[in-house]
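Student: Numbering-wise, the sequence shown is residues -19 to -1, 1 to 152 according to mature numbering (1 follows the signal peptide of the UniProt record, and there is no 0). Every residue, glycine too, gets a C-beta built ideally from N, C-alpha and C. Let me begin by handing over the structure; questions about it come next.
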Amino acid sequence: MSFPRFLLVAALLSAALCACGKAQDSAAEALAEQALEAQADAARAEVQSTDGKHTLEMRTDEGRLQHTTGENVPLPADFPPDVVLPGDYTVVSVMRMGPSQSLVLRSPEPVADLVEHYKAGQSQHGWRETMSMQGPEGAALGFEKARRGMLVNLRPDPEGQTTVSLSLQAP
């Protein structure tokens, strides 16, 4: 299986596990874990599942990919201090590939409040806003600072929470 196809399979399975939240069905989780392990064997990857977290780690010619999803996912220890986070949030997913990292959070704060929070907070940390789009289905914001880029996507979820997706690119 090619590397891009494997990443797609891994991302889809990880997203499926994230989307289920605490109501995960253990049979579906076991099936997804088996599928990930089968794909991992073919792509020099390791899958670990502990305490409600699922971590896929893979080494390729392009670098190391690490993707953790599930419950109790910690914020990376080296998360940039100049990137604001919601006042109340749960980390659902963390993915890192080389200088890029992506986080998915859930917050009880409304989309509109988070838009203002990110605009003000990132500005205070010296980030320049490069994009802002808002609509009934959510919002997208872009920021740049010292050759780094950040995209923030906000969308309401069916459970009344806001899904916050942060994509960070460093040089």
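Near K3, which residues of its chain fall below 6 Å by C-beta distance, leaving aside the five closest residues on each side in sequence?
Tutor: Here the model assigns K3 a pLDDT of 44, short of 50, so the residue's position is not dependable and the matter cannot be decided.
Student: Between R136, S113, T50, R87, which has its C-alpha nearest D69's C-alpha?
Tutor: Ranking R136, S113, T50, R87 by Cα distance to D69 puts R87 first.
Student: Taking all protein chains shown into account, decide if P67 is buried (16 or more other Cβ within 10 angstroms of its Cβ) or exposed.
Tutor: The residue is buried, with at least 16 neighbouring Cβ atoms inside 10 Å.
Student: Alpha carbon to alpha carbon, what distance is there between G123 and N134?
Tutor: Cα to Cα, the separation comes out at about 9 Å.
Student: If we require 3 or more residues per run, which beta strand (DSSP E) segments fall completely within the stretch 53 to 141?
Tutor: Correct list: 71 to 78, 81 to 88, 109 to 116, 119 to 126, 129 to 137.
Student: Beta-carbon within less than 6 Å of S83's beta-carbon, same chain only, minus the 5 sequence neighbours each way: which residues are those?
Tutor: The residues are M76, S148.
Student: With a 10 Å radius around its C-beta and 16 neighbouring C-beta atoms as the bar for buried, classify A26 as buried or exposed.
Tutor: Counting Cβ neighbours within 10 Å, A26 comes out buried, since at least 16 surround it.
Student: Using 8 Å as the threshold, is the stretch 103 to 112 in touch with the stretch 48 to 67, meaning 3 or more CB pairs across them?
Tutor: Judged by Cβ distances under 8 Å, the stretch 103 to 112 makes contact with the stretch 48 to 67, as three or more pairs qualify.
Student: Can you round the beta-carbon distance between S81 and Q142 to whole angstroms, since I take them to be within the 8 Å contact cut?
Tutor: Incorrect: roughly 25 Å between the Cβ atoms, too far for contact.
Student: Inspect the beta-carbon positions of A121 and M114 and report whether they are closer than 7 Å.
Tutor: Yes.
Student: Would you decide whether G116 is buried or exposed? Buried here means 16 or more other CB atoms lie within 10 Å of its CB.
Tutor: Label assigned to G116: exposed.
Student: Please state whether the Cβ-Cβ distance between L56 and V72 is less than 7 Å.
Tutor: Result yes, Cβ atoms of L56 and V72 sit closer than 7 Å.
Student: Taking the beta strand (DSSP E) that R45 falls in, what are its first and last residues?
Tutor: 44 to 51 is the extent of the beta strand (DSSP E) around R45.
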